[in-house]
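*Asks:* Right, I'll just put the structure down here and ask away after.
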Amino acid sequence: MIVQLILAILFVRPFGPPAKAEPTLTKVRFDRYEATLRVPDEGIFAGEEIDVEFRVVDTTQKDPVEDGFKGVGGIEATAKITMPSMQGMPAALPKVHREGVPGDYGIEAYFPHGGGYQIDLDLRFPSGERHPVQFLVDVRDERKTPSTRREPYLLKITGGPKNVLAKALIPLQMQIVDRKTGLPTTSFDTAHEKKFHLLIASKDLNWFLHEHPTMDAGGNWSVPVRFPAGGEYWVYADVAPSGRGSRVLIAKYKVSGPKPTWDTRLLRSTKAADGGLRGELSTLEPIVIGMRATLQVKLFDAKTGKPAGDTVPWLGAAGHIMIFHRDGQTVVHSHPAEDKESAALVKRGIVRFSGRFPRPGRYKVYAQFDWRGKVRTLGFTIEVKE
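Quick note: the sequence shown uses my numbering, first residue 186, plus one each step.
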């Protein structure tokens, strides 16, 4: 896939009100009961497995031992975690267990990105009562210092030539390994029509590929890839192990051969073109570190200069956007909202995405659209300040 960049020394042009914090709701009253989600004082961080506790009490009964209301034990609970701002992202269905104290329960949760999440509980009481409960949490971006809570899955590149040569078509072979068992995962949820979105970028981020491997019965994924030059590459697996929610796993891959022929500098650019489709990137509000922002891409026919309102959905979305921090360690894969307002904007050549920037620095932004029979890739580079 060839990407042509039109370089311009520009910042993303923000306009409108500043970004807002995500809403939170951690205490819910229903009938005579009350449920409270116990968010740790330090907050919840993305990219970590965490046991998030909640307590259910009966507000008509006092606890005979401790201050407060009596906990309700024996509840059978199921949970579903979704990210409303990321439409199309598969829901996580974490396990819920009982803690040692009556009324206390734990959700074995994992949040792949910072941002707002919705936790839906289905509570089935011993009395036969059944109540739905909904919490809203604002998950912080990944910690700046390493944590003992690791990502539970690993992207492992398992096969291919020992010495990979640039410009040679090779079978890139991979597994998604469960760290607890050491075994490859074989069951995945579908996200935007595919179970595996493979993103590959050169170390400088100026070359990019988006493919969809196939899996055999043993959990071995494979896809043919032709690397354009020698050097290191980032390999990203955007996957959703069944019931565990989406996540992006990262690995590195080394290729032998001549150096890149493209400019490896990450120059700021808010204009790009590919195959006759031209795009301009802006934001609808000033970018605030750690908060959701709206990215807008205006599309034009490069020949006529008129808005390109004739893009069609690809992989179940009007467009796809991938945001990479220059260090290669932070990536977000997002899609436009699926509503009437967004559909009307697309017909005018305007596509809006939700994005989040966890720290300052330079970011590479790739937007992809299906236009006139081919997928076009537009590469932008923006600077996000503290």
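Idealized CB from N, CA, C, for every residue including glycine.
Given that a residue counts as buried once 16 or more other Cβ atoms are within 10 Å of its Cβ, and exposed if not, what is H518?
*Replies:* In the sequence shown, the residue the question calls residue 518 occupies position 333. Per the 10 Å Cβ criterion, buried.
*Asks:* Between K444 and the rest of its own chain, which residues show a CB-CB distance below 8 Å, the 5 nearest in sequence each way excluded?
*Replies:* Locating residue 444 in the sequence shown gives position 259, counting from the first residue. Excluding positions up to five away in sequence, the list reads A414, G415, G416.
*Asks:* Closer than 6 Å by C-beta to P311: which residues in its own chain qualify, once you throw out the five before and the five after it? Chain order, please.
*Replies:* Residue numbering aside, residue 311 sits at position 126 when the sequence shown is read from its first letter. Around P311: G259.
*Asks:* Can you tell me the Cα-Cα spacing of A457 and G501, whole angstroms?
*Replies:* Counting from 1 along the sequence shown, the entry for residue 457 is found at position 272. Counting from 1 along the sequence shown, the entry for residue 501 is found at position 316. For the pair A457 and G501, the Cα-to-Cα distance works out to about 24 Å.
*Asks:* Which residue's Cα is closest to the Cα of N391: K549, P426, E378, G256?
*Replies:* Position 206 of the sequence shown, counted from the start, is the residue given in the question as residue 391. Ranking the options by Cα distance to N391, first place goes to K549.
*Asks:* Would A425 and A493 qualify as a contact pair, given that the criterion is a beta-carbon distance under 7 Å?
*Replies:* The sequence position of residue 425 within the sequence shown is 240, counting from 1. The sequence position of residue 493 within the sequence shown is 308, counting from 1. No, these two residues do not count as a Cβ contact at 7 Å.
*Asks:* At 3 residues or longer, and completely inside the region 423-462: list those beta strand (DSSP E) runs for me, N to C.
*Replies:* 432-440, 456-459
*Asks:* Of the choices S539, V349, G461, whose alpha-carbon is the least far from that of T562?
*Replies:* Here residue 562 corresponds to residue number 377 of the sequence shown, with the count starting at 1. Taking only the C-alpha atoms, the option nearest T562 is G461.
*Asks:* Restricting to Cα atoms, I'd like to know which of N348, I474, F554, P471 is closest to K483.
*Replies:* In the sequence shown, counting from the first residue as 1, residue 483 sits at position 298. Out of N348, I474, F554, P471, F554 has the C-alpha closest to the C-alpha of K483.
*Asks:* So P275 packs on I266, CB below 8 Å; how close in whole Å?
*Replies:* Residue numbering aside, residue 275 sits at position 90 when the sequence shown is read from its first letter. Residue numbering aside, residue 266 sits at position 81 when the sequence shown is read from its first letter. With 8 Å as the limit, P275 and I266 do not qualify as a contact, their Cβ atoms being about 10 Å apart.
*Asks:* Starting from A376, follow its DSSP beta bridges and name the residues at the other end.
*Replies:* As a working mapping, residue 376 is identified with position 191 in the sequence shown. DSSP output for A376 lists K379 as bridge partner(s).
*Asks:* Three-state secondary structure (DSSP) at L530?
*Replies:* Within the sequence shown, numbered from 1, the residue matching residue 530 stands at position 345. Reduced to three states, the DSSP call for L530 is helix.
*Asks:* Suppose you measure from the CA of H316 to the CA of R547; what does that come to, to the nearest Å?
*Replies:* Locating residue 316 in the sequence shown gives position 131, where the first residue counts as 1. Locating residue 547 in the sequence shown gives position 362, where the first residue counts as 1. If I take the Cα positions, the gap works out to 46 Å.
*Asks:* For the putative contact between I361 and V410, defined by C-beta atoms under 8 Å, what is the C-beta separation to the nearest angstrom?
*Replies:* As a first step, residue 361 must be located in the sequence shown, where it is residue number 176. As a first step, residue 410 must be located in the sequence shown, where it is residue number 225. Contact between I361 and V410 is absent: CB atoms are separated by about 17 Å, not below the 8 Å threshold.
*Asks:* Report the option in K525, P545, G464 whose CA atom is closest to the CA atom of V569.
*Replies:* For the purposes of this step, residue 569 is taken as residue 384 along the sequence shown, with counting starting at 1. The candidate whose alpha carbon is nearest that of V569 is P545.
*Asks:* On the DSSP bridge list, what partners appear for R325?
*Replies:* Here residue 325 refers to the residue found at position 140 of the sequence shown. DSSP output for R325 lists F230 as bridge partner(s).
*Asks:* Identify the residues that DSSP records as bridge partners of V281: which are they?
*Replies:* Taking the first residue of the sequence shown as 1, we reach residue 281 at position 96. For V281, which the question treats as bridged, DSSP gives the partners I292.
*Asks:* Can you tell which of A478, G301, Y421, P346 has the C-alpha that lies nearest to the C-alpha of R325?
*Replies:* The residue you call residue 325 lines up with position 140 of the sequence shown. Nearest of A478, G301, Y421, P346 to R325, Cα basis: G301.
*Asks:* How would you call T489, buried or exposed, if buried means at least 16 neighbouring beta carbons within 10 angstroms?
*Replies:* Counting from 1 along the sequence shown, the entry for residue 489 is found at position 304. With fewer than 16 other Cβ atoms within 10 Å, it is exposed.
*Asks:* What residue ranges within the region 475-513 form continuous beta strand (DSSP E) runs of no fewer than 3 residues, ordered along the chain?
*Replies:* 477-486, 505-510
*Asks:* Taking all protein chains shown into account, decide if L308 is buried (16 or more other Cβ within 10 angstroms of its Cβ) or exposed.
*Replies:* Within the sequence shown, residue 308 is the residue found at index 123, counting from 1. The residue in question, L308, is buried, as its Cβ has 16 or more Cβ neighbours within 10 Å.
*Asks:* Grouping DSSP H, G and I as helix and E and B as strand, with all else coil, what is K525?
*Replies:* Position 340 of the sequence shown, counting from 1, holds the residue named residue 525. Here K525 sits in helix by DSSP.
*Asks:* Which one of G344, P337, Q303, V242 has the shortest CA to CA distance from K439?
*Replies:* Residue numbering aside, residue 439 sits at position 254 when the sequence shown is read from its first letter. Answer by Cα proximity: G344.
*Asks:* Measuring straight from C-alpha to C-alpha, what distance separates V516 and G464?
*Replies:* For the purposes of this step, residue 516 is taken as residue 331 along the sequence shown, with counting starting at 1. For the purposes of this step, residue 464 is taken as residue 279 along the sequence shown, with counting starting at 1. Each residue's Cα considered, the two are about 21 Å apart.
*Asks:* With DSSP as the reference, label W392 as helix, strand or coil.
*Replies:* Here residue 392 is taken as the residue at index 207 of the sequence shown, counted from 1. Reduced to three states, the DSSP call for W392 is coil.
*Asks:* Going by C-alpha to C-alpha distance, which of H395, E261, S372 sits closest to G288?
*Replies:* If you number the sequence shown from 1, residue 288 lands on position 103. With distances taken between Cα atoms, G288 lies closest to E261.
*Asks:* Going by DSSP, what residue range makes up the beta strand (DSSP E) through I266?
*Replies:* In the sequence shown, the residue the question calls residue 266 occupies position 81. Counting along the chain, the beta strand (DSSP E) containing I266 begins and ends at 261-267.
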